[in-house]
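This report refers to the structure that appears directly beneath it.
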Amino acid sequence: MKREKQIPFRIGEATPRCDARTKVTGQERYAADYYGDHFFWAGVKRAGIPHGKLIKVHTEDAKKLKGVVAVLTSEDVPGSNRVGIIRGDQPVLADKKICYAGDPLALVIAENKETLQTALALITFDHEPLPGVFDVEEALRKDAPLVHEDSPGGNLLRLVSVETGKGASAFDECDVIVEGVFETPFQEHAYLETEAGWAYLDDSGQLVVVTATQTPFRDRNEMAPALGIDVEKIRVIVPYLGGAFGGKDGITIQCLLGLSALHTGGVPVKMWWGREESFLASVKRLSARMRYRLGVKRDGTFHALECRAYFDTGAYAGLGETVMTLGLEHAGSAYRIPNVSIKGSCVYTNNAVGGPFRGFGVTQVTAAMERIVDMAAQKLSVDPLAIRRVNAVERGDKNCIGVTLTHSTGIKKCLAALSDHPLWREREGWKMKAGQFKKRGVGIACMAHAMGYPAVVPDFANAKIEFTGEGRFRIYAGIVDMGQGNASTYAHIAGALLGQEASAFELIQPDTERTLPSGSSSASRTTYVYGNALVIAVEDLKKKILDKALRLFSTAQAEELMLVPGGIRHRKDKKKVSLKEVAGLFDESERFYTAYFRSPAATEMLDRIYLGPHIIFSYGAHLAYVEIDTLTGCIEVTGYLAVTDAGNVINPQAYEQQIQGGIAQGIGFALSEDYKAANGHADTNSLATYIIPTAMDVPDMLSVAADNAEETGPFGMKGIGEISISGPVPAIANAVADACGIRIGRNPITAENIFRALWEQNDQERPR
Amino acid sequence: MKISFVLNGKKRTADVQPDMRVVDLLREHLHLTGTKEGCGSGECGACTILVDGESRLSCLMLAAQLEGKRITTIEGLSKGKRLHPVQEAFVESGAVQCGFCTPGMVMTAVDMLSRNPDPSRDEIREGISGNLCRCTGYQKIVDAIEAAAKDKSR
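Chains as they are written, first to last, in the working numbering: chain A, 16 to 783; chain B, 557 to 710.
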């Protein structure tokens, strides 16, 4: 099973990741793994109450404790004390108000962990409790308590509406109308590595922050004004992340760490949130309530869609309104619908802070849309696959917000592959074989997911590669690898172009001083945008290497030379020189190659939706087998198929990793994950109360890649990072309905919920 | 208090506080940061080590409990540059993504295979069910452990 040595990377060939070896031996150093000879620990006192006016924070007792270096409050923040990439409404340390239980009130720096905990326990605060608001629709009432008194829209952070065709009046022209209310809860990312990092002031007075973040360059821009430091005086270094999934997209501990480092006299300071603190203070997938209405013609074509969505961004804006907007852009999933009326309200509450989570709003609306599609199919007595095939978009069609799809559009290919698959063809036989007290069902769902930023936000990357004096290649990745393997794929891409294998590459992880700005690790964009830039840089470098190498061969034609692992060979006479020899011909100033790439973006209809529409989408069609125990309500997902159009596949192993990982998180969301913050208190604050799937909760998953090249992608690829997470909730919910005729509008669909629904079903059937 | 134990094949002594956890001894004092901490309460398995050959959660053990024991951490599994077959299988099968659960997962797998050299996929899933992974969906981890078992039996 071990790969032959010296085989260069090939596009489309399953290849182990470059970072696997250091991770599997425990050598890889994460942000949490720093323990210097002399360093301090920093920690945060949090509010623990959901809403109140902050009167005073008492730090005197903590300050007196031996071993305490400093205790800081909002008064010690030298800058604006505000972060938040769009609204800037979140304090580094709370000053006037407490808006949710996780709000930080004071920052303690201590010589060791034990003293830190003791000091944090000594801090108290005076406050005036305020009534809280915890439900999105209640928050929009006129008499609702305001989370932010200075918010221009009150608790309404943003309203987004889109109307196409005749809008809701087109329902008059429909033969069948189905409607439903669907809810998805807050979802916790539950990355294994909780928020961690360390920081120090270096000899030149520069603030160095080493931390787990998806957004190093953006963080620097946020930290500078918040802490009152010149942006050039901040350096952010990001090792490999221990998972993020959107939860480290933006400021988490960066400002707290930076502020700490300003008070330690140059001694490094470390911060590492415990799991409970991570649950309390990290962002969550925005919960959503969605009222849907779908109007269909007798022949099964979708004619009208109405969506009224409420997204809970919690205490602060963060990226909440963009999360909702991306959701609304996908409100009609992967279908042609000529008349739509979509309206979404992104709302402040005193719940947890909402933020990005893999799927970014699309997971929420897909959970609703794909269930209402099944309800329409049922009402028309047509096959759920057939109704999807009739309505699925093709290139040249308009999507649900009326934007023409000009790029690769492979949902029909996905559905065709699903319909040919044994799991679909053999489903009825499988269902019939259910044992006693068991019911089996099969459900499907389609999904689309936009790649990259919306039109008005420039989506670019700057690739940088170095040809070292030893004849090796150093890739400076300005985009974080949070675990998805994009860094390794950069080596894969460069290796395929340069004819080199893994050992020829060194990957430099993001560092605002060494790597170039390339945007966030998010939006299914990393390999597409950085990969495209890297292809340009590598092609330039390759040309230069071959040109220089001519000096070592008896030919003047670079075309007669080819790159082979570790060297260059003449195609005919087989003479070979090593890359190290060629590297010796390079002047120091010639070793670096950089290239810029900006992703294509919509140029029309920019006012159609907040920040403008997307134009490149990945697609998927999923199928779930579920078995329900009618005595207990227990549900098991016994089989799963994902057909995906994410363009061509560069590394099938890495591609499957993304598909499988996304499905597993989706299964967790469908069946068990439910971040509960009743009245603003974190009730599910451990991995014993917030249940993510174990190896026993996820089946073996089948992944089929629909062969559908995206012309603008590096080697024809497009984003794969998020698409698969949006399938499981609706596919499983549809399978549950197929198994026993019950439709549960809110996930997670737990055994308890199923049992209750089955009980009610039986109750209705019993004679009264 | 002074304790003596064998760590990754070498005799060690350490002066520890009575309330010091094993995970802190390893990470903070011995700088063996391959052992991860994901929850501190025995739910995630990221801190799994081998104590006398059996998997243990180092966040739930006190350092004093190591007295006289033989400890293996992820750093002690490979022989020089040669990976342990389970590590090799994790690399080749694509069982590693962010890698934060990986050391604990590998240690659990090593323990499981020592007790059951030829497990079924269901037995593997049950065997690693105390180790949480948020990235992989477990499938390639199961593939890797299955491959390592086959590799060993050859």
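Backbone N, C-alpha and C define an ideal beta-carbon position, used for all residues, glycine too.
Check: Do CYS657/B and LEU207/A come within 8 Å of each other at the CB atom, strictly closer than that value?
Finding: To locate residue 207/A, count along the first sequence from 1; it is residue 192. To locate residue 657/B, count along the second sequence from 1; it is residue 101. Yes, these two residues count as a Cβ contact at 8 Å.
Notebook entry, point to check: Does the segment 547-557 of chain A come close enough to the segment 465-479 of chain A that 3 or more CB-CB pairs lie under 8 Å?
Noted result: yes
Margin query: How far does the alpha helix (DSSP H) with TRP774/A in it extend, from its first residue to its last?
Written below: Counting from one through the first sequence, the residue named residue 774/A turns up at place 759. TRP774/A -> alpha helix (DSSP H) spans 766-780.
Next item on the list: Give the residues of chain A in contact with GLU599/B, contact being defined as C-beta atoms less than 7 Å apart.
Entry: In the second sequence, counting from the first residue as 1, residue 599/B sits at position 43. Simply SER701, LEU702 and ALA703.
Checklist line | GLY676/A: contacting residues in chain B (beta-carbon distance under 7 Å) | finding: Your numbering for residue 676/A matches position 661 in the first sequence. What GLY676/A touches in chain B: GLN653, CYS691, THR692 and GLY693.
Item checked: CA-to-CA distance, VAL578/B to TYR49/A, given in whole angstroms -> Indexing the first sequence from 1 puts residue 49/A at position 34. Indexing the second sequence from 1 puts residue 578/B at position 22. Using only the alpha carbons, I get a separation of about 17 Å.
Next item on the list: Leaving out five residues on either side along the sequence, give the residues of the same chain with a beta carbon under 8 Å from the beta carbon of THR664/B.
Entry: Position 108 of the second sequence holds residue 664/B. Result list for THR664/B: GLY601, THR604, SER611, GLY683, ILE684, GLY686 and ASN687, in chain order.
Check: Alpha carbon to alpha carbon, what distance is there between ILE266/A and LEU274/A?
Finding: Along the first sequence, read from residue 1 onward, the residue named residue 274/A stands at position 259. Along the first sequence, read from residue 1 onward, the residue named residue 266/A stands at position 251. Approximately 13 Å between the Cα atoms of the pair.
Checklist line | Segments assigned beta strand (DSSP E), at least 3 residues, entirely inside the segment 716-766 of chain A | finding: 716-720
Item checked: Own chain, CB closer than 7 Å to ALA349/A, minus 5 neighbours either side, in chain order -> If you number the first sequence from 1, residue 349/A lands on position 334. The residues are ALA407, VAL408, ILE426, CYS461, MET462, ALA463 and TYR634.
Note to self: Please list, in chain order, the residues of the segment 36-48 of chain A that have any C-beta partner in chain B closer than 9 Å.
What the structure shows: ARG36, THR37, LYS38, VAL39, THR40, GLY41, GLN42, GLU43, ARG44, TYR45, ALA47 and ASP48
Check: Among the residues of its own chain, which have a CB less than 7 Å from the CB of LYS696/B, if the five just before and after it don't count?
Finding: Taking the second sequence and counting its residues from 1, the one referred to as residue 696/B is at position 140. If we look at LYS696/B and ignore the five residues flanking it on each side, its Cβ neighbours are SER649, GLY650 and ALA651.
Notebook entry, point to check: Hey, how far is the Cα of VAL225/A from the Cα of ALA511/A?
Noted result: Working through the first sequence from its first residue, we reach residue 225/A at position 210. Working through the first sequence from its first residue, we reach residue 511/A at position 496. Cα to Cα, the separation comes out at about 32 Å.
Next item on the list: Tell me, please, which residues DSSP counts as bridged to MET305/A.
Entry: For the purposes of this step, residue 305/A is identified with residue 290 of the first sequence, where counting begins at 1. Paired residue(s): PHE197/A and ALA324/A.
Check: If you follow the alpha helix (DSSP H) that PHE646/B is part of, which residue opens it and which one closes it?
Finding: Taking the second sequence and counting its residues from 1, the one referred to as residue 646/B is at position 90. Segment 641-649, the alpha helix (DSSP H) holding PHE646/B.
Notebook entry, point to check: What three-state label does DSSP hand GLN105/A in the structure shown?
Noted result: Position 90 of the first sequence, counted from the start, is the residue given in the question as residue 105/A. Here GLN105/A sits in strand by DSSP.
Notebook entry, point to check: Between TYR608/A and chain D, is there a C-beta pair that is closer than 8 Å?
Noted result: Judged by its chain identifiers, the structure shown contains no chain D, and its protein chains are A and B.
Next item on the list: Using alpha carbons as the reference points, say which of LYS592/B, ASP571/B, PRO574/B and VAL666/B lies closest to GLY609/B.
Entry: Numbered from its first residue, the second sequence carries residue 609/B at position 53. Of LYS592/B, ASP571/B, PRO574/B and VAL666/B, the residue nearest in Cα terms is VAL666/B.
Check: What is the DSSP secondary structure of CYS689/B, counted as helix, strand or coil?
Finding: Walking along the second sequence from the start, residue 689/B turns up at place 133. Three-state result, CYS689/B: coil.
Checklist line | Nearest to LYS587/A (by Cα), restricted to the options LEU576/A, GLU651/A, VAL597/A and LEU594/A | finding: By one-based count along the first sequence, residue 587/A stands at place 572. Minimum Cα distance to LYS587/A is reached at LEU576/A.
Checklist line | MET238/A burial status per 10 Å Cβ neighbour count (16 or more: buried) | finding: In the first sequence, the residue the question calls residue 238/A occupies position 223. By the neighbour-count rule (16 or more Cβ atoms within 10 Å), MET238/A is buried.
Notebook entry, point to check: When you compare each of GLU767/A, SER604/A, TYR543/A and ILE26/A to GLY734/A by their alpha carbons, which one comes out closest?
Noted result: Numbered from 1 along the first sequence, position 719 holds the residue referred to as residue 734/A. The shortest C-alpha separation from GLY734/A is found at TYR543/A.
Note to self: Quick check on the DSSP output: the alpha helix (DSSP H) that includes ASN236/A runs from which residue to which?
What the structure shows: Here residue 236/A refers to the residue found at position 221 of the first sequence. First-last of the alpha helix (DSSP H) with ASN236/A: 231-242.
Item checked: Below-8 Å beta-carbon distance, VAL562/B vs any chain A residue -> Working through the second sequence from its first residue, we reach residue 562/B at position 6. No - not a single Cβ of chain A is within 8 Å of the one on VAL562/B.
Check: What distance in whole Å lies between the Cβ atoms of ALA432/A and VAL658/A, which are believed to be in contact at a cut-off of 8 Å?
Finding: Position 643 of the first sequence, counted from the start, is the residue given in the question as residue 658/A. Position 417 of the first sequence, counted from the start, is the residue given in the question as residue 432/A. At roughly 5 Å, the Cβ-Cβ gap stays under 8 Å, so VAL658/A and ALA432/A are in contact.
Margin query: According to DSSP, is LYS696/B part of a helix, a strand, or is it coil?
Written below: Looking up residue 696/B in the second sequence gives position 140. If DSSP states are grouped into helix, strand and coil, LYS696/B belongs with the helices.
Next item on the list: Would you tell me roughly how many angstroms separate the C-alpha atoms of TYR255/A and LYS38/A, rounded to the nearest one?
Entry: By one-based count along the first sequence, residue 255/A stands at place 240. By one-based count along the first sequence, residue 38/A stands at place 23. The straight-line gap from Cα to Cα measures roughly 10 Å.
Next item on the list: Closer than 8 Å by beta-carbon distance: list the chain A residues that pair up with CYS603/B, in chain order.
Entry: Stepping through the second sequence from its first residue, residue 603/B is reached at position 47. Here the premise fails: no neighbours, minimum Cβ distance about 11 Å.
Checklist line | Where ILE684/B meets chain A, residues with beta-carbon distance less than 7 Å | finding: The residue you call residue 684/B lines up with position 128 of the second sequence. Result: ALA710.
Notebook entry, point to check: Quick one: Cα of LEU430/A to Cα of PHE375/A, how far?
Noted result: Here residue 430/A refers to the residue found at position 415 when the first sequence is read from its first residue. Here residue 375/A refers to the residue found at position 360 when the first sequence is read from its first residue. Distance between the alpha carbons of LEU430/A and PHE375/A: 24 Å.
Next item on the list: Starting from the beta carbon of CYS716/B, find every residue of chain A whose beta carbon is closer than 9 Å, and list them in chain order.
Entry: The structure shown does not extend to residue 716/B, since chain B is modelled only from 557 through 710, so no value can be given for it.
Item checked: Three-state class that DSSP yields for MET286/A in the structure shown -> Taking the first residue of the first sequence as position 1, residue 286/A is located at position 271. Strand, per DSSP.
Notebook entry, point to check: Cβ of VAL662/B less than 8 Å from any chain A Cβ?
Noted result: Here residue 662/B refers to the residue found at position 106 of the second sequence. Chain A contact via Cβ: present.
Next item on the list: Label ASN501/A either buried or exposed according to how many other C-beta atoms from any shown protein chain fall within 10 Å of its C-beta, with 16 as the threshold for buried.
Entry: As a first step, residue 501/A is located in the first sequence; it is residue number 486 there, counting from the start. The residue is buried, with at least 16 neighbouring Cβ atoms inside 10 Å.
Next item on the list: Could you please give the first and the last residue of the uninterrupted alpha helix (DSSP H) stretch that includes LEU135/A?
Entry: On the first sequence, residue 135/A is found 120 positions in, with the first residue counted as 1. From DSSP, the alpha helix (DSSP H) with LEU135/A extends over 128-137.
Note to self: Once DSSP output is grouped into helix, strand and coil, what is the label at LEU513/A?
What the structure shows: Along the first sequence, read from residue 1 onward, the residue named residue 513/A stands at position 498. Correct three-state label for LEU513/A: helix.
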